[in-house]
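A.B. asks: Residues 1 to 257 in the UniProt record's numbering are what the sequence shown spells out, letter by letter.
Where a beta carbon is used, it is the ideal one built from N, C-alpha and C, also for glycine.
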Amino acid sequence: INLIRKYLQSKGTIRIQIEYVLAGALITAFVGTLTNLMLFSGGIFQYNWVGPSSAISLVILFAYAITKHHLFGIRVILTEILVIATGITLLVWAVTAEPFLLKILGGVLFVFFLIFGWQLVKSVIKEIELRAKLEEAYAELERIDKAKTEFLSIASHQLRTPLSIIKGYISMILEKTYGEIPEKIKQPLGNVYVSNDRLVKLVNDLLDITRLEMGRIELSLEKAHLEEIISSVVEEMKVTAEKKGLYLKYEALKEPL
1 INLIRKYLQS KGTIRIQIEY VLAGALITAF VGTLTNLMLF SGGIFQYNWV GPSSAISLVI
61 LFAYAITKHH LFGIRVILTE ILVIATGITL LVWAVTAEPF LLKILGGVLF VFFLIFGWQL
121 VKSVIKEIEL RAKLEEAYAE LERIDKAKTE FLSIASHQLR TPLSIIKGYI SMILEKTYGE
181 IPEKIKQPLG NVYVSNDRLV KLVNDLLDIT RLEMGRIELS LEKAHLEEII SSVVEEMKVT
241 AEKKGLYLKY EALKEPL
């Protein structure tokens, strides 16, 4: 039923591939009915091996349809083959069984198996379709996440350069590199310096996050002089210390650390 529905809905190459599948099923069903039902009921038993052997044509045409064009998921194909083969076996047993009570039992089992097989095929198809949708959604999510990471990386790089320049100039102004500054603008400049410093740290954090997400972050371990690190930290904290009325000074040791 599923094959027939897909055949009616499809066009082109897919339709041709389904024709191969249906042809294999019809050949197997026709030969099996002729040799295992009609001839068997007429008392001719020497050809009963032909029916099962005709299933080779079904397997060959199935394999051709799968290899030439990925028509269905392999699980759907295998499930349908299992259902068809078991259904044919139950039908043959129901027709040829003796006594009549076994015929009735075989017929009941055949009907119940048809219902069960139909539901089984539907569940497999539904699972495959759901998995395909999940894989598609996951791929789209990965694409969006990658675009977001690249955007943050570019934006962070573009922001860090002007902020670092502003920070350097404000620091030199506050340190009176360009001469004395009016007392009334010293406090506002200090506030600008602190706010700018926070933005620089935020941008650096964003860069670290994007590098981590993209797997580009690397730890580079190297020897360094401790006094140089301390001096740089002291220079960064001078404005904050002065704002709080504190005197911050670092006296380096004679011997390097």
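With E136 as the anchor, note down where its alpha helix (DSSP H) starts and where it stops.
C.D. replies: Unbroken alpha helix (DSSP H) run through E136: F100 to L174.
A.B. asks: Considering only the alpha carbon of each residue, which of L90, L152, V192 and G179 lies closest to T210?
C.D. replies: L152
A.B. asks: Mind checking F116: buried by the 16 CB within 10 Å criterion, or exposed?
C.D. replies: exposed
A.B. asks: Return the CA-CA distance between A224 and N191, expressed in angstroms with no decimal places.
C.D. replies: If I take the Cα positions, the gap works out to 32 Å.
A.B. asks: Just to confirm before moving on: does the CB-CB distance between M237 and L226 stay below 8 Å?
C.D. replies: no
A.B. asks: Flag this pair as yes or no: are the beta carbons of D197 and K243 separated by less than 8 Å?
C.D. replies: no
A.B. asks: Going by the beta-carbon positions, is the gap between Y250 and I229 smaller than 8 Å?
C.D. replies: no
A.B. asks: Count the other CB atoms within 10 Å of the CB of T177; is the residue buried (16 or more) or exposed (fewer)?
C.D. replies: exposed
A.B. asks: If you draw a straight line from the C-alpha of A241 to the C-alpha of V194, how long is it?
C.D. replies: 11 Å
A.B. asks: How would you call G106, buried or exposed, if buried means at least 16 neighbouring beta carbons within 10 angstroms?
C.D. replies: buried
A.B. asks: Which of the three DSSP states is assigned to T177 in this structure?
C.D. replies: coil
A.B. asks: With 16 as the cutoff for other CB atoms within 10 Å, does I154 come out buried or exposed?
C.D. replies: It counts as exposed.
A.B. asks: With distance defined between alpha-carbon atoms, name the residue in T89, V95 and I84 nearest to L120.
C.D. replies: The shortest CA-to-CA distance from L120 to any of T89, V95 and I84 is the one to I84.
A.B. asks: Buried or exposed: which applies to F100, given that a residue is buried once 16 or more other Cβ atoms fall within 10 Å of its Cβ?
C.D. replies: The residue in question, F100, is exposed, as its Cβ has fewer than 16 Cβ neighbours within 10 Å.
A.B. asks: Flag this pair as yes or no: are the beta carbons of L253 and L199 separated by less than 8 Å?
C.D. replies: no
A.B. asks: To the nearest angstrom, how far is the alpha carbon of H70 from that of E129?
C.D. replies: Caution is warranted here: a pLDDT of 49 is assigned to H70, below 50, making its placement in the model unreliable, and no coordinate value can be reported.
A.B. asks: Quick one: residues in its chain with C-beta nearer than 6 Å to the C-beta of F110, no 5 flanking neighbours on either side, listed in chain order?
C.D. replies: L90, L91 and A94
A.B. asks: From which residue to which residue does the alpha helix (DSSP H) around E235 run?
C.D. replies: L226 to K243
A.B. asks: Taking only the alpha-carbon atoms, compute the straight-line gap between E135 and L202 and give it to the nearest angstrom.
C.D. replies: 35 Å
A.B. asks: Short of 7 Å in beta carbon distance, which residues of its chain neighbour G245, apart from the five on each side in sequence? Order them along the chain.
C.D. replies: Closer than 7 Å at Cβ, skipping near neighbours: no residue.
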